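S.K.:
Chains as they are written, first to last, in our numbering: chain A, 159 to 423; chain B, 268 to 567.
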């Protein structure tokens, strides 16, 4: 297997140009929203609004302004599939359509997916959705086809500020740590890395440098694997079955006849 | 946590809507009715055999409806077989840790058991002229194995749906481990209610029916306890029901659980209509319960 590949996204240098979104759409031939008719959000420069089956990259505009709008700031973040080391979508997929590639990335095989949507409910980041054209669940593939040809993913290639950086996860973590140290020395004490170590789902192959709490960026502070509930939910279900079975047996063995007599006129 | 009570609030809805809600209801009836029929076969009296057959008559059509609902809910329905066979390798596709994968197999296997018991019931009542099918009814060994294993799969089909919801990252569903237990108990209560309703309409008076009346009380009581446990186990997420869904849940508790329990206690309240009303309210409550569980999370 090749070395794990991923993205390091430094949100402090994102300028919200959306070149990544456009490059992703072009390379992956993703359809326009609303049949090509321009749909504006009306309250933000963010008109994409979310990741889904036809938006595999999404530049988030987090607008933090005071009531009077005298003061404020934009936080910008190009969001994408995290290609988790412990991937919730891959874990639950009942068709085997979701696989881990030789680059340690997570890819949905559209020809195998039947659109059951279990992966959508499982993804802790809300990344996956149905592509209305294919009728299958889709998300970022980390440009698997380009990687196989030794090329860089379209989004990071197009990024003009190197906010999105592509490389081996090991190398990216080193680069991210250097940038973090630089920011801390410059007084940006709130800067931290999200998903660059094993604490979050065994590590996110696509990780972020953030300067506010994860939830401000729409990221879960404590994402978990869906199977965390499997054992407890199964055991409680068995308990329910045992209790119902016990109630049934008691009533049919001991009380059936007597109750019958009671109901007779 | 930026105004949300759980990390599950950062996920998106899979849009499991009416078709899945209906499946949860019919799947529960399929499993529950089969379990009851098997229970009657094992512990009932000879006069109860029509009641057991009624259970099998309910179960198999409900399995068919369930399969149909699941297939048409897929965005690519013709690929339904990908749940069972890996489309690239044509090897069996089975993940025991994925409730949807294991549940697909369970539904298929349960469907076979349900079909065989359905055939047996038809043969026993002379609706099917096929003597071999008669061996699918007790006291033969085949029939006992069928009822025992089929009954266990019935429980699985009735309950795995709740485990499936728990094994996601969606609000409410994955914030409690008790939905599988709730669905199993609710499947039992709705199945008992349907058996009672149909037997009552047919004018039957066998001893097993009286046992079902009594079972109804205990199962409804258990369902109420489990539902309260679900709300408690949600922790801060229970606030997701401080809206119309919560009101509907309250109505389910009052009209679908407490009132039927009261009608069981005071059998003269509604006269001849008492049994029918009790059963109908329990069935309605079971269906509405699944609507609340599915749609209250879908709306977040």
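Where is the CB? At the ideal position from N, CA and C, for every residue including glycine.
Quick caveat, the model's predicted, so the values are computed rather than measured.
1. Within its chain, find whatever has a CB closer than 7 Å to the CB of residue 171(A); leave out the 5 residues flanking it on each side and keep chain order.
2. Applying the criterion that 16 or more other CB atoms from any shown protein chain within 10 Å of the CB defines a buried residue, is residue 393(B) buried or exposed?
3. Per DSSP, what are the beta-bridge partners of residue 412(B) in this structure?
4. Our contact map puts residue 241(A) next to residue 188(A) with C-beta atoms below 8 Å; I'd like the distance itself, whole angstroms only.
5. Would you mind stating whether residue 395(B) and residue 386(B) have Cβ atoms separated by less than 8 Å?
6. Give the residues of chain A in contact with residue 507(B), contact being defined as C-beta atoms less than 9 Å apart.
7. Does DSSP put residue 244(A) in a helix, in a strand, or in coil?
8. Give me the Cα-Cα distance between residue 288(B) and residue 429(B), rounded to the nearest whole angstrom.
9. With 9 Å as the C-beta to C-beta threshold (strictly closer), list the residues of the segment 270 to 300 of chain B near chain A in chain order.
10. Helix, strand or coil for residue 236(A)? Go by DSSP, reduced to three states.
11. Go ahead and pull the three-state DSSP assignment for residue 329(A).
12. Report yes or no: do three or more beta-carbon pairs, one from the segment 257 to 275 of chain A and one from the segment 298 to 313 of chain A, lie closer than 8 Å?
13. Taking 8 Å as the CB-CB limit, is residue 369(A) close to chain B?
14. Would you call the segment 408 to 421 of chain B and the segment 330 to 350 of chain B touching, i.e. three or more CB-CB distances under 8 Å?
15. Tell me which residues of the segment 355 to 366 of chain B have at least one Cβ-Cβ distance to chain A shorter than 7 Å, keeping chain order.
16. Can residue 278(A) and residue 266(A) be called in contact, C-beta distance under 8 Å?
17. So which residues on chain A does residue 435(B) lean against when the C-beta distance must stay under 8 Å?
18. Taking residue 164(A) as part of the beta strand (DSSP E), name the residues at either end of that continuous run.
19. Thinking C-alpha only, which one of 438(B), 474(B), 533(B) and 457(B) is nearest residue 546(B)?
20. 8 Å is my cut-off, CB to CB: does residue 380(B) come that close to chain A?
21. When you compare the CB positions of residue 503(B) and residue 317(B), do they come within less than 8 Å of one another, or not?
22. Go ahead and pull the three-state DSSP assignment for residue 343(B).
23. Per DSSP, which residues does residue 218(A) bridge with? Please list them.
24. So, are the CB atoms of residue 210(A) and residue 287(A) less than 8 Å apart?
25. Considering residue 258(A), what are the terminal residues of the beta strand (DSSP E) in which it resides?
26. Can you list, in chain order, the residues of its chain with a C-beta nearer than 6 Å to that of residue 348(A)? Leave out the 5 residues immediately preceding and following it.
27. Let me see if you follow: with CB-CB separation under 8 Å, is residue 406(A) close to chain B or not?
28. Is there a Cβ from chain A that is less than 8 Å from the Cβ of residue 485(B)?
29. What separation, rounded to the nearest whole angstrom, lies between the Cα atoms of residue 289(A) and residue 295(A)?
30. In whole angstroms, what separates the C-alpha of residue 169(A) from that of residue 354(A)?
31. If you draw a straight line from the alpha carbon of residue 233(A) to that of residue 222(A), how long is it in whole angstroms?
32. So residue 308(B) is in the alpha helix (DSSP H); what residue range does that whole segment cover?
33. So with Cβ pairs under 8 Å, would you call residue 404(B) a contact of chain A?
34. In chain order, what residues of the same chain have a beta carbon less than 6 Å from the beta carbon of residue 482(B), not counting five sequence neighbours either side?
35. Tell me, which residues are paired with residue 366(A) by DSSP?
36. Can you grab the Cα-Cα spacing for the pair residue 559(B) / residue 544(B), in whole Å?
M.R.: In terms of the structure at hand:
1. 319, 320 and 321
2. exposed
3. Under DSSP, no beta-bridge partner is assigned to residue 412(B).
4. The pair is not a contact, with the Cβ atoms about 18 Å apart (cut-off 8 Å).
5. Closer than 8 Å, so yes.
6. The premise fails here: residue 507(B) is roughly 16 Å from chain A at the closest Cβ pair, so nothing lies under 9 Å.
7. coil
8. 11 Å
9. 270, 271, 273, 274, 275, 276, 277, 278, 279, 280, 281, 282, 283 and 299
10. In this structure, residue 236(A) counts as strand in the three-state DSSP scheme.
11. helix
12. yes
13. no
14. no
15. 355, 360, 362, 364 and 365
16. no
17. 250, 276, 279, 280 and 384
18. 163 to 168
19. Ranked by Cα distance from residue 546(B), the options 438(B), 474(B), 533(B) and 457(B) are led by 457(B).
20. no
21. no
22. coil
23. Looking at the DSSP assignment, residue 218(A) forms a beta bridge with 235(A).
24. Yes, the pair counts as a contact, with Cβ atoms nearer than the cut-off.
25. 256 to 258
26. 369
27. yes
28. True, the Cβ-Cβ gap to chain A drops below 8 Å.
29. 6 Å
30. 14 Å
31. 8 Å
32. 285 to 310
33. no
34. Hits under 6 Å: 459.
35. 167(A) and 352(A)
36. 22 Å
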